[in-house]
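Down below is the structure, laid out as structure tokens.
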Amino acid sequence: MKKEVYQKIRRGGHELLHFAHHHEGRILFNDLSGADYTKPFISHFLYQNGFKPIYPQGRKFAVCVSHDIDILVQPNFFGWQKIKAPLRELWEGYPLRAANYFSASSQINPYQNLDKILDYEAHQEVVSAFYFLALQPHEEDFSYHVESLQSTFQQIVEKKSEIGLHGGHQAFKSLEKIKEELILLQRNAPVPVVGYRNHFLRFDTTCTWSLLSEANFLYDTTYGLADFPGYRNGMCYPYQAWDHKKNIELPLLEIPLLVMDATFIYYLNWNPAQAVEYVMKMIDEVAACQGVFTILWHNNLFIGEWGKAFKRIITHCRKKEAWFATGKQMAEWWNEKQYTQKCQEIMENVNTD
Ligand SMILES: [Zn+2]
7 MKKEVYQKIR RGGHELLHFA HHHEGRILFN DLSGADYTKP FISHFLYQNG FKPIYPQGRK
67 FAVCVSHDID ILVQPNFFGW QKIKAPLREL WEGYPLRAAN YFSASSQINP YQNLDKILDY
127 EAHQEVVSAF YFLALQPHEE DFSYHVESLQ STFQQIVEKK SEIGLHGGHQ AFKSLEKIKE
187 ELILLQRNAP VPVVGYRNHF LRFDTTCTWS LLSEANFLYD TTYGLADFPG YRNGMCYPYQ
247 AWDHKKNIEL PLLEIPLLVM DATFIYYLNW NPAQAVEYVM KMIDEVAACQ GVFTILWHNN
307 LFIGEWGKAF KRIITHCRKK EAWFATGKQM AEWWNEKQYT QKCQEIMENV NTD
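Numbering (my numbering), first residue to last: 7 to 359.
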């Protein structure tokens, strides 16, 4: 590798953990300063050095759409909303949902919309992953009992989408908690749960990957930035997770998260048009290195202007002929093609002189 490329990478970012265990990786990526999270510079470097991942159906890049299900019941849902919401359902072509608003036994509200997300995605030929909290009523951010979601789970499976675990506030640092939540979700899910994302993107690089691996997850997709859309370690390719205590590679794939809807609203205060414009540029730069674009869109933001923003992003991905994959499909594809090993071979052979 030429010096100027090396310098470019040095300017790039920190927490470049993936390659840190290789001698060359250490030379390249340790002690980095002046972090730039806004470019997938490691992926671009790998691409320029011969890494050219391919995807099913001859697609040139991949997109993993996901939904963290934090809230299913909208608090303070009363008054004028109780009239406006069913009218909107009627307008959108959901008369049964509209009728449910007037049924005394129905819990329905605008956030109980996973059926609508599934309908929309099926229509767009998109599959996605839904990560569910599996909490007890006394726990922080409890919103629903997973036991009550069996028909929803069935719908997700029928649409070929995925059910994953959305670890609660305490899970990212506790094997006991991860296992407890996994067991509860698995007891109610009709298919094996193999994917994970922690609530609030809480993550500890020194332990979370190891704990998830011990709980037998296939992949994690938590590793991203909450406060800015981007590439936390310069990667828009999945990579093998690393155990920092034992200094070994783990049989767990990280599919780094690039974009979260809440970032635009709660951290950046951008409007939907600004967000869409920025995300489209990111999609283009991920596609340019045949990468994997990952996006988290919460179900409670599948409504109104932000719902439209999500749909515009999906349209852009479709126009660029993305391969849409669930996290599970992505991880299986990546592992089957041995792409992690290929990336590592390239890194081992780069000339750092
Ligand atoms: Zn969450």
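Cβ atoms here follow ideal geometry from the backbone N, Cα and C, with glycine treated the same way. Only a predicted model underlies this, so the values are computations on that prediction, with no experimental measurement involved.
Asked, Found
"Inter-residue Cα distance where the pair is proline 278 and tyrosine 126", "19 Å"
"Closer than 7 Å: histidine 172 CB and nearest ligand 1 heavy atom", "yes"
"Integer Cβ distance of leucine 188 from alanine 221, believed to fall under 8 Å", "6 Å"
"Presumed contact (8 Å Cβ cut-off) between valine 298 and cysteine 70, rounded CB distance", "6 Å"
"Host beta strand (DSSP E) of glycine 310 (start-end)", "Taken as a continuous stretch (DSSP letters only), glycine 310 belongs to no beta strand (DSSP E), being part of the alpha helix (DSSP H) at 310 to 325."
"Inter-residue spacing [alpha-carbon to alpha-carbon] between tyrosine 243 and leucine 96", "41 Å"
"Extent of the continuous beta strand (DSSP E) run through glycine 173", "168 to 173"
"Cα-Cα separation, glutamate 146 to histidine 175", "7 Å"
"Spatially closest choice to leucine 258 from Glu283, Gly240, Tyr272 and Trp215, by CA coordinates", "Trp215"
"Cutoff 7 Å; reference alanine 140; Cβ partners in own chain excluding five residues on either side", "Val152, Leu171, Glu187, Leu190 and Leu191"
"Limits of the alpha helix (DSSP H) - the one that leucine 188 falls within", "181 to 194"
"Buried or exposed (CB count within 10 angstroms, at least 16 for buried), aspartate 210", "exposed"
"Classification of serine 72 by the beta-carbon crowding that lies within 10 angstroms, buried from 16 upward", "buried"
"8 Å CB neighbourhood of glycine 234 in its chain, flanking five on each side removed", "Position check: residue 234 holds phenylalanine in this sequence, whereas glycine was assumed. Excluding sequence neighbours, phenylalanine 234 sits near Tyr43, Thr44, Thr269, Tyr273 and Leu274."
"Collapsed DSSP secondary structure at threonine 44 in the structure displayed", "coil"
"Test item: CB-CB of tryptophan 329 and tyrosine 61 under 8 Å", "yes"
"Proximity test, histidine 129 beta-carbon vs ligand 1 heavy atom, cut-off 7 Å", "no"
"Where histidine 205 falls, given that 16 or more other Cβ within 10 Å makes a residue buried", "buried"
"Sequence-distant residues of its chain with Cβ nearer than 6 Å to glutamine 118 (five each side left out)", "Leu78"
"Residues near serine 112 in its chain [Cβ-Cβ closer than 7 Å; skip 5 each side]", "Asn106"
"Pocket of ligand 1 (residues with CB nearer than 5 Å to any heavy atom), chain order", "Asp74, Asp76 and His205"
"Local Cβ density within 10 Å of glutamate 168, reported as buried at 16 or more and exposed below that", "buried"
"Helix, strand or coil at cysteine 70 [DSSP, three-state]", "strand"
"Three-state secondary structure assigned by DSSP to tryptophan 97", "helix"
"Continuous beta strand (DSSP E) stretch holding tyrosine 2: start and end", "Missing from the structure shown is residue 2; the chain here goes from 7 to 359 and no further."
"Contact check, lysine 334 vs valine 132, beta carbons under 8 Å", "no"
"Status (buried if at least 16 other CB within 10 Å, exposed otherwise) for histidine 129", "exposed"
"Outcome for asparagine 306 when other beta-carbon atoms lying within 10 angstroms are tallied against a minimum of 16", "buried"
"Through-space distance from alanine 294 to glutamine 142, alpha-carbon basis", "44 Å"
"Beta-carbon contacts of glutamate 338 that lie in its chain and below 8 Å, excluding the five residues immediately before and after", "Leu224"
"Option nearest valine 282 by Cα separation, candidates Ile320, His250, Tyr245 and Glu342", "Ile320"
"Reduced DSSP category for tyrosine 126 - H, G, I as helix; E, B as strand; rest coil", "helix"
"Reference phenylalanine 178, options Ile162, Pro196 and Leu217, closest by Cα", "Leu217"
"Which listed residue (Gly236, Pro198, Arg94 and Trp86) has its alpha carbon closest to that of lysine 287", "Gly236"
"Three-state secondary structure assigned by DSSP to asparagine 305", "helix"
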